[in-house]
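Okay, so here's the structure we're looking at.
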Amino acid sequence: MTSERRRTLAGEILEATGINAATCYQCGKCSAGCPMASESALRPHAIMRLVMQDRRERALTDESIWLCLTCETCSARCPNDCDPARVIDAVRELSIETGVADIPRTISAFHKAFLEQIRSNGRLHEFGMVMDYKLRSGELMKDVTSAPGMLTRGKLSFRAERIEAVDEIKRIFEKCGVTP
Amino acid sequence: MSRIGVFICHCGENIARTVDVEAVAEALKDHPGVAFATGYKYMCSDPGQTLVRQAIAEHDLTGVVVAACSPHMHERTFRRACDQAGLNKYMCEMANIREHCSWIHEDRGEATEKAIDIARTIVEKVKHNQPLESIRIPVTKRALVIGGGIAGIQAALDIADGGHEVILVEKEASIGGHMSQLSETFPTLDCSQCILTPRMVEAYQHPNITLHTWSEVESVDGYIGNFTVKIRKKARSVNEDLCNGCGDCQAACPAKKIPSEFEAGLGKRTAISVPFPQAVPNIPVLDRQNCTLFKGRRKGLAKDACGKCKEACLKGAIDYDAEDTFVEKQVGAIVVAVGFKLYDIGREQPEGLKGYGEYGYGEVPDVIDGLQFERLASASGPTAGAILRPSDGTEPKTVVFVHCVGSRDPEKGIKYCSKICCMYNAKHAMLYKHKVHDGRAVAFYMDIRAAGKGYDEFSRRAIEEDGAEYVRGRVSRIFRDGDKVRVWGYDTLNGEQVVIDADMVVLATAMRPQDGVRELAQKLSVSTDEHGFINEAHPKLRPVETNTAGVFVAGACQAPRDIPESVAMASASAAKVMSLFSADELEREPAVAIVNENTCIGCMRCELVCPYGAIEQREICTVDGQVCGHVAYVNPGVCQGCGTCQAVCLSKSVELQTFTDEQVYSEINALCAWE
Amino acid sequence: MSDVTVTAREARHALTDIAYYPGCSLHGTSREFDESLRAVAAELGIGITEIRDWSCCGASSGHTTDHLLGVALPARNLALAEAQGYDTVLAPCAACYNRLSAARLAIATEDGLAERIPDVIGRGFGNTVQVRNAVELLRDAAVTVEEKAAASLTPNPLEGVKLAAYYGCLLVRPAEVCGYDDPEQPTSMDEVISACGADAVDWNMKVECCGGAFSVTRTSSVVRLGRAIIDDARAHGAEAIVVACPLCHSNLDLRQKAMVARGEEPLPILFVTQVVGLAVGLTPESLGLERHFVDTEPLIARLVEQAGARDAEERRVKQEAAAKAAERAARQKKGSS
Numbered sequence: 004m005t006s007e008r009r010r011t012l013a014g015e016i017l018e019a020t021g022i023n024a025a026t027c028y029q030c031g032k033c034s035a036g037c038p039m040a041s042e043s044a045l046r047p048h049a050i051m052r053l054v055m056q057d058r059r060e061r062a063l064t065d066e067s068i069w070l071c072l073t074c075e076t077c078s079a080r081c082p083n084d085c086d087p088a089r090v091i092d093a094v095r096e097l098s099i100e101t102g103v104a105d106i107p108r109t110i111s112a113f114h115k116a117f118l119e120q121i122r123s124n125g126r127l128h129e130f131g132m133v134m135d136y137k138l139r140s141g142e143l144m145k146d147v148t149s150a151p152g153m154l155t156r157g158k159l160s161f162r163a164e165r166i167e168a169v170d171e172i173k174r175i176f177e178k179c180g181v182t183p
Numbered sequence: 010m011s012r013i014g015v016f017i018c019h020c021g022e023n024i025a026r027t028v029d030v031e032a033v034a035e036a037l038k039d040h041p042g043v044a045f046a047t048g049y050k051y052m053c054s055d056p057g058q059t060l061v062r063q064a065i066a067e068h069d070l071t072g073v074v075v076a077a078c079s080p081h082m083h084e085r086t087f088r089r090a091c092d093q094a095g096l097n098k099y100m101c102e103m104a105n106i107r108e109h110c111s112w113i114h115e116d117r118g119e120a121t122e123k124a125i126d127i128a129r130t131i132v133e134k135v136k137h138n139q140p141l142e143s144i145r146i147p148v149t150k151r152a153l154v155i156g157g158g159i160a161g162i163q164a165a166l167d168i169a170d171g172g173h174e175v176i177l178v179e180k181e182a183s184i185g186g187h188m189s190q191l192s193e194t195f196p197t198l199d200c201s202q203c204i205l206t207p208r209m210v211e212a213y214q215h216p217n218i219t220l221h222t223w224s225e226v227e228s229v230d231g232y233i234g235n236f237t238v239k240i241r242k243k244a245r246s247v248n249e250d251l252c253n254g255c256g257d258c259q260a261a262c263p264a265k266k267i268p269s270e271f272e273a274g275l276g277k278r279t280a281i282s283v284p285f286p287q288a289v290p291n292i293p294v295l296d297r298q299n300c301t302l303f304k305g306r307r308k309g310l311a312k313d314a315c316g317k318c319k320e321a322c323l324k325g326a327i328d329y330d331a332e333d334t335f336v337e338k339q340v341g342a343i344v345v346a347v348g349f350k351l352y353d354i355g356r357e358q359p360e361g362l363k364g365y366g367e368y369g370y371g372e373v374p375d376v377i378d379g380l381q382f383e384r385l386a387s388a389s390g391p392t393a394g395a396i397l398r399p400s401d402g403t404e405p406k407t408v409v410f411v412h413c414v415g416s417r418d419p420e421k422g423i424k425y426c427s428k429i430c431c432m433y434n435a436k437h438a439m440l441y442k443h444k445v446h447d448g449r450a451v452a453f454y455m456d457i458r459a460a461g462k463g464y465d466e467f468s469r470r471a472i473e474e475d476g477a478e479y480v481r482g483r484v485s486r487i488f489r490d491g492d493k494v495r496v497w498g499y500d501t502l503n504g505e506q507v508v509i510d511a512d513m514v515v516l517a518t519a520m521r522p523q524d525g526v527r528e529l530a531q532k533l534s535v536s537t538d539e540h541g542f543i544n545e546a547h548p549k550l551r552p553v554e555t556n557t558a559g560v561f562v563a564g565a566c567q568a569p570r571d572i573p574e575s576v577a578m579a580s581a582s583a584a585k586v587m588s589l590f591s592a593d594e595l596e597r598e599p600a601v602a603i604v605n606e607n608t609c610i611g612c613m614r615c616e617l618v619c620p621y622g623a624i625e626q627r628e629i630c631t632v633d634g635q636v637c638g639h640v641a642y643v644n645p646g647v648c649q650g651c652g653t654c655q656a657v658c659l660s661k662s663v664e665l666q667t668f669t670d671e672q673v674y675s676e677i678n679a680l681c682a683w684e
Numbered sequence: 012m013s014d015v016t017v018t019a020r021e022a023r024h025a026l027t028d029i030a031y032y033p034g035c036s037l038h039g040t041s042r043e044f045d046e047s048l049r050a051v052a053a054e055l056g057i058g059i060t061e062i063r064d065w066s067c068c069g070a071s072s073g074h075t076t077d078h079l080l081g082v083a084l085p086a087r088n089l090a091l092a093e094a095q096g097y098d099t100v101l102a103p104c105a106a107c108y109n110r111l112s113a114a115r116l117a118i119a120t121e122d123g124l125a126e127r128i129p130d131v132i133g134r135g136f137g138n139t140v141q142v143r144n145a146v147e148l149l150r151d152a153a154v155t156v157e158e159k160a161a162a163s164l165t166p167n168p169l170e171g172v173k174l175a176a177y178y179g180c181l182l183v184r185p186a187e188v189c190g191y192d193d194p195e196q197p198t199s200m201d202e203v204i205s206a207c208g209a210d211a212v213d214w215n216m217k218v219e220c221c222g223g224a225f226s227v228t229r230t231s232s233v234v235r236l237g238r239a240i241i242d243d244a245r246a247h248g249a250e251a252i253v254v255a256c257p258l259c260h261s262n263l264d265l266r267q268k269a270m271v272a273r274g275e276e277p278l279p280i281l282f283v284t285q286v287v288g289l290a291v292g293l294t295p296e297s298l299g300l301e302r303h304f305v306d307t308e309p310l311i312a313r314l315v316e317q318a319g320a321r322d323a324e325e326r327r328v329k330q331e332a333a334a335k336a337a338e339r340a341a342r343q344k345k346g347s348s
C-alpha cells in the first residue's frame, strides 16, 4: 500500500482489518436489516461510504457507530462480503485512539464500568458494575425497581468474585493499551 | 546450401526505439548461410511484403526469417508472401524481437545484442526446415445443432436455408426452450409464442432439418469437418411415426397431478403429455417415473396396473416396451445452443453456491421467480393469464419485484450480472399493472441495466406511464406474516428503511448454465468457465467460436443474454458453419506429428498422453501379410500439434513437423554458442 | 476456511471430559442457566469441569473498543483450558461462545496475531481447544435426550407443547465463526425441542436481535426489539420462548413487562437447558425456574397437570383394552371347554 493510501481512512481500515471499503456497492441490504437503523443517523452502508470517501471527521465523531449492537446481521447478509460489522468495530477503535469519539454517555459509562470491573477482578461482578455505571452515567435510579426482585431470586450477589491471577488481567489491559 | 534472407522490421518505433535495427541487419549479413539481410520500417505493409518477394527472386533465397513481432500476428502474412514468390511457405519463420525483446527491455545496447541472438537462432532453425504441404481433409456438409431453443432454431434454419443438412437435437419433448414459457417479450411486448411458434414449425417442416426431440448427445468423436456423433433418443413410449397428436392418451391418463415443468411448478400435467399445446413435434412423452403402470412394474407387479393411454390410442402408437435408441451421424460442424436455467434460492445448492435463507429458502408459497410469473401472465398458463397468488388463488394487490437475487452476489457464489432481469422486471411490473389496475407494484433494484435498443425507454415507461414504484436498495429479509409476505428493504436514495406487506413477491433470479453442460462440454472437448458457461475462443473478436475447431456456440449457454442477442449469435454461428462448408476440403497446417514407423517400437506411450486422441495403433505385416507387430500412427486431421508425444517417445520416433528435434536443438546450440 | 470451524462442526468428541466456561452471567444474573445446565449434563452423562481461574471473555465491551483486547481476553481462557488438559470447551453463554470462537478464528487467520497473543496474555497458546455451545451439545445428544424423556418416571410435561426457539445473533452469526447451523434458518434448537417431545413452532424472528448489550444503556431499544419478538412468537402460537443466551433471556424476561400490553398474558422465557431438564423429569426447582421475572409457575403447573391427565387417560385406555382382551380370552376358553 502506498503511504498516501495508508493515510486515508479507507487505507487505515484496510490495514487494520484487511477489508477494502471499495467493494461496497451501496446496495443498502445491510441497512435494510439493521435493528438500530431507525435510531441512528448513519446506517451501516453510509458508514462504509464515509470510509470509502475518506470522510474521517464525519465517520469517527458521529454517535451512530456507538449505537451499533454488533449483532452481525449486516455482515451476514452483505452480498460482497464487505463485513460492515468489522469495519464499524475498526472505526470505533480509531475514534477512541484519536480521541474524537462521541460516545453516548450511558454507553460510554457502561463500557468503562464493564472493563474496569474485569480489570480489577478478572470477572464481571454485576452488582459492582451497575453501581459504577450509575455513578458514571448519572442514571442513579436505573433499574432500582428490579433490584429487590433480583435479590429475592438469588441473582444479585454483593460480593465480587476475584480470580487468583488478576495480575494477568491487568497485564493484558496494559499490553493492549486500554485504560477503562 | 542455405541461402536465407533476413528482414528486420523497425515496426515504426515499437522495435526501433529500443533495438538498433541497422546494427542487427549488419550482424546478420555476416552470418553463415545468410544471403541477404536488411531492415525496413514496416515489414507487414504492402511494400514490406514486396521487399520479401523481390529478395526471394533476386537472391534465390531458400529460406526467409522476418525478425519482427510475434508469429501470432503476422506469420501467416509473410508465409503468404513467400508462397506468392514461389518459395514453400514453411521455409519462412519469424523471429520475435518485439514482444520478446524491444517491448520488455530498456537498455539499447543489450536489447540489440539480444535481437541479434534471436535472429541468428531462428536462422539456424530455418536451415533445418522442410518444405511441407498443407494437409487437406474432407468436410462433411452436415451440421449438428445441440439445443432447440430460439438460438438453436435460428442457427438450424440459417444453415438449412443455406442449403445444408442440419440435425437438431433437443433434450425436452418439444423445441422452443424457455422462450416458449414467456408471456410477452421486451421491449415490444410481443406475445412470445406468437413470434416463436412459426419458427418452430418452420424448423420442423424444413426439408433440410432432422429434428430429434427427447434426445441427447451421447458421444462425439472426430474433428472439424469429420465428427461422428451418437445421439441417444430416449424412450418416449410413443411411436413417433404412428402418433398423430390427437391427445386422447393425455385425456385418458389417470395420473393428473404431476407438477408441470413447463408451468414452472404452478400447474399440473398428466404422466403422458406434451409439454404445451403448441409443442413441436406434437407427440407426447410418457413420464415413466410418475406413470402408474411403470411404478407397478418397478414394484414387480405381475399384471400391469394401468393401460388407459394405450387403450385410448386409435393409432396403436403407445409402446410400453420401447427402449432408448441410438442414431449415429457424420457431421462437419457443431453448434452448441443449450441455453440456461434459473438459479434456485433453496437450501440444497450445488458446490460453490448458497441459497437465500433470508428470503425463506423458497418455502414461502407466494414468493415466486420470473419464469413462474411468466406462466401466471400467460394466457395459456395455469391461471389463464390472471395474476393470482399460488397460496390461495386471490388477486394480489401489492406485488414486490426484487432485482439481483443471486446475481451480483459474490457471497452467494455468483459475481456476474444476469443482464436481462432489469428489463424483464420492468416488463413484469407493466404486465401486472395492465392486468390489476389498482394494484401496487414496487421494485427493489440496485442499478438499472437497460442498454439495448429501446430498452431504457421501455424501463422508464414502467415508472412514468404504468406507475411502478422503483426503490433503490436491496432487500434484507422476506418472510411470511399471516397471509401476507413481509419485505424488509431499504431506500438508499431517501435514506429510509422500507417495510412492505406484500401479497406476492417476484424474485429476479440469476441466469445460470444448464444442467449437464459440463458433461456435454467434455464430450465436445470445449471448456467452460468457473460458472459452467461455455468459453468462447476470444471474448472480443471470436465470440461464437470455441477453442475446438468446428464447434461453435450461440445464446445463453455462453453467458447471460436476451433473445435478440441469442438470435444474432445463432446467425453468426450459422455463417461460420456455412463458411466452413463452402469448400469441399479443409486446409490444415502441417504442424502435426509424424511417426517414423521404422524406429517406432510400438510402446504406445504417445497414445496414452495425447490429449486429442489423435494416435492409434497400426498393424505392421511381413511381406506375406502376417501381422508381426504394431506401431503408432498419428491421424493428421485430429492432431493439434502440441508435441507431447514427441516429449515422451522413448525411441525418438515421433516428431512434430515444424518443431523437429533437429530444428529445436539447432536453435539451442545457436543460442549457447554465442554466450 | 480455517480448520477452526470445520472441526467445530464435524468432530464429535467423547462427552465425558469437557472444560466448562460458565462466563460471568451464569455466575450472576443467569444463575438458572448454570444450574439447569449442570443438572442436565449430569442426567445425560456429560462430564463438565469448570476451568480453573477462568476470567471474563470481554463480551461486547471488549471487542467494540479494542480489537486486540477483544481477542486476548478470550484467548487467555482457551490457553487455560489447553494447559489444564482439555480439547473441548463448553461455553453456554452465546456471547462467550461467540467471543471464544471468534478469537480462535482471528488468531488462526489474522496476520501476526498468533505470534502476538502469547506475549499479550503471558501464556503459551496452541489454538487447539474447540469451542461448543449448549445448543450444539444438546443437539448432538438429542438421541440420549429422547431416550431419557421416554424413560422418565414422570409424564413429560412438554409433550406437544408449542415452543418458539429463539437463537438471537451470537449463536449463529457470523457463519464463519459459528458454523454449526444455518445462520438464517437454523434448526439446532428446534431439533432439541423436538427431541424433548415439544412442538418447535415455525416463526419469523428466530435470528433477529433482542437488543443485546443495550439492556441497561438503551432500554428503549431493547423494548422495541423485544416487543417484535414476543408478538411474533405469540402470533405463531408459542406458549413460551426458548433461549440459550443470558442477555436474550434477561432482555425478554426481566424487561418483558414493558413489552406486553396491559392485560396481556406474559410469555415465559425458558433456557434450553431448562426445557431439556423438564422433559427428562427433573424438578423445576433444580432447574432454577423460580428465578425468572416472568413467572413460570403457572405454565409449568398447567403443563404438569395436562401431562398427568394425559398419562392417566392413556393408562385408563390401556387398562380397559387389557380388561376386554382378558374377557375375550376367558369367553373363548369357556366356549372351547
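Residue numbers (our numbering), protein chains in the order written: chain Y, 4 to 183; chain P, 10 to 684; chain B, 12 to 348.
The C-beta atom is built at its ideal place from N, Cα and C for all residues, glycine as well.
All values derive from a computational prediction rather than experimental measurement.
Can you check whether the C-beta of residue 71 of chain B is within less than 7 Å of a C-beta belonging to chain Y?
Position 60 of the third sequence holds residue 71 of chain B. It does: the Cβ of residue 71 of chain B has a partner Cβ on chain Y nearer than 7 Å.
When you compare only the Cα positions, how much space is there between residue 380 of chain P and residue 286 of chain P?
Here residue 380 of chain P is taken as the residue at index 371 of the second sequence, counted from 1. Here residue 286 of chain P is taken as the residue at index 277 of the second sequence, counted from 1. Going by C-alpha positions, residue 380 of chain P is about 18 Å away from residue 286 of chain P.
When every heavy atom of the ligand PLP is checked, does at least one fall within less than 6 Å of the C-beta of residue 271 of chain P?
For the ligand PLP, the structure offers nothing, since it holds no ligand at all.
Extent of the continuous alpha helix (DSSP H) run through residue 426 of chain P:
Locating residue 426 of chain P in the second sequence gives position 417, where the first residue counts as 1. Here residue 426 of chain P belongs to no alpha helix (DSSP H), and DSSP marks it neither H nor E.
In terms of DSSP beta bridges, what is residue 221 of chain P paired with?
On the second sequence, position 212 is the one that residue 221 of chain P refers to. Its beta-bridge partners are P:178.
Can the beta-carbon of residue 624 of chain P be found less than 7 Å from the beta-carbon of residue 615 of chain P?
Here residue 624 of chain P corresponds to residue number 615 of the second sequence, with the count starting at 1. Here residue 615 of chain P corresponds to residue number 606 of the second sequence, with the count starting at 1. Yes, Cβ-Cβ distance for residue 624 of chain P and residue 615 of chain P is below 7 Å.
Do you know how far the Cα of residue 583 of chain P is from the Cα of residue 88 of chain P?
As a first step, residue 88 of chain P must be located in the second sequence, where it is residue number 79. As a first step, residue 583 of chain P must be located in the second sequence, where it is residue number 574. Using only the alpha carbons, I get a separation of about 30 Å.
Could you tell me whether the Cβ atoms of residue 48 of chain Y and residue 33 of chain Y are closer together than 7 Å?
Reading the first sequence from its first residue, position 45 is the one you call residue 48 of chain Y. Reading the first sequence from its first residue, position 30 is the one you call residue 33 of chain Y. Taking 7 Å as the Cβ cut-off, residue 48 of chain Y and residue 33 of chain Y qualify as a contacting pair.
Reduced DSSP category for residue 14 of chain B - H, G, I as helix; E, B as strand; rest coil:
Residue numbering aside, residue 14 of chain B sits at position 3 when the third sequence is read from its first letter. Per-residue confidence for residue 14 of chain B stands at a pLDDT of 46, beneath the threshold of 50, marking its modelled position as unreliable; the derived number appears in the next sentence. In the structure shown, residue 14 of chain B sits in a helix (DSSP, three-state: H, G or I).
Chain-order list of residues whose beta-carbon lies under 6 Å from that of residue 256 of chain B (same chain, five-residue window excluded):
Against the third sequence, residue 256 of chain B aligns to sequence position 245. Correct list, in chain order: 105, 179.
Tell me whether residue 105 of chain P sits in a helix, a strand or coil according to DSSP, three-state version.
Start at 1 with the first residue of the second sequence, and residue 105 of chain P comes out as number 96. In the structure shown, residue 105 of chain P sits in a strand (DSSP, three-state: E or B).
Cβ closer than 8 Å: which chain Y residues qualify as neighbours of residue 482 of chain P?
On the second sequence, position 473 is the one that residue 482 of chain P refers to. Simply 30, 31, 32, 34, 35.
Shorter than 7 Å from the beta carbon of residue 47 of chain Y to some beta carbon of chain B?
Here residue 47 of chain Y is taken as the residue at index 44 of the first sequence, counted from 1. Chain B contact via Cβ: absent.
Please name the residue or residues paired with residue 547 of chain P in a DSSP beta bridge.
To locate residue 547 of chain P, count along the second sequence from 1; it is residue 538. For residue 547 of chain P, which the question treats as bridged, DSSP gives the partners P:551.
Which residue marks the beginning of the beta strand (DSSP E) containing residue 245 of chain P, and which one marks its end?
Here residue 245 of chain P refers to the residue found at position 236 of the second sequence. Where residue 245 of chain P is concerned, there is no enclosing beta strand (DSSP E), because DSSP gives it neither an H nor an E.
Which complete alpha helix (DSSP H) runs does the region 135 to 163 of chain Y hold, if anything under 4 residues is left out?
If only complete runs of 4 or more residues are kept, the region 135 to 163 of chain Y shows the alpha helix (DSSP H) at 149 to 155, in order along the chain.
Just how far apart, CA to CA, sit residue 69 of chain P and residue 123 of chain P?
In the second sequence, the residue the question calls residue 69 of chain P occupies position 60. In the second sequence, the residue the question calls residue 123 of chain P occupies position 114. Distance between the alpha carbons of residue 69 of chain P and residue 123 of chain P: 28 Å.
Determine the direct distance from the alpha carbon of residue 278 of chain B to that of residue 245 of chain B, and round the result to whole angstroms.
Translated into the one-based positions of the third sequence, residue 245 of chain B becomes position 234. Translated into the one-based positions of the third sequence, residue 278 of chain B becomes position 267. Those two C-alpha atoms are separated by around 8 Å.
Let me know the secondary structure DSSP gives residue 3 of chain P once reduced to three states.
Outside the displayed span of chain P (10 to 684) sits residue 3 of chain P, for which this structure offers no information.
Buried/exposed call for residue 579 of chain P, threshold 16 Cβ in 10 Å:
Here the question's residue 579 of chain P lines up with position 570 in the second sequence. Flag for residue 579 of chain P reads buried.
What residues in its chain sit with their C-beta under 8 Å from that of residue 242 of chain P, if we drop five residues either side in the sequence?
One-based indexing of the second sequence puts residue 242 of chain P at position 233. Scanning its chain for C-beta atoms nearer than 8 Å, with the 5 sequence neighbours on each side dropped, one finds around residue 242 of chain P the residues 221, 223, 224, 333, 334, 335, 336, in chain order.
Got a sec, what are the start and stop residues for the beta strand (DSSP E) residue 147 of chain P sits in?
As a first step, residue 147 of chain P must be located in the second sequence, where it is residue number 138. Judged by DSSP secondary structure, residue 147 of chain P falls within the beta strand (DSSP E) whose first and last residues are 144 to 147.
Backbone CA spacing between residue 441 of chain P and residue 305 of chain P [nearest angstrom]:
By one-based count along the second sequence, residue 441 of chain P stands at place 432. By one-based count along the second sequence, residue 305 of chain P stands at place 296. Residue 305 of chain P has its alpha-carbon roughly 45 Å from the corresponding atom of residue 441 of chain P.
Test item: CB-CB of residue 612 of chain P and residue 640 of chain P under 7 Å
What you label residue 612 of chain P is simply residue 603 of the second sequence in a count that begins at 1. What you label residue 640 of chain P is simply residue 631 of the second sequence in a count that begins at 1. In this structure, residue 612 of chain P keeps its C-beta atom at 7 Å or more from the C-beta atom of residue 640 of chain P.
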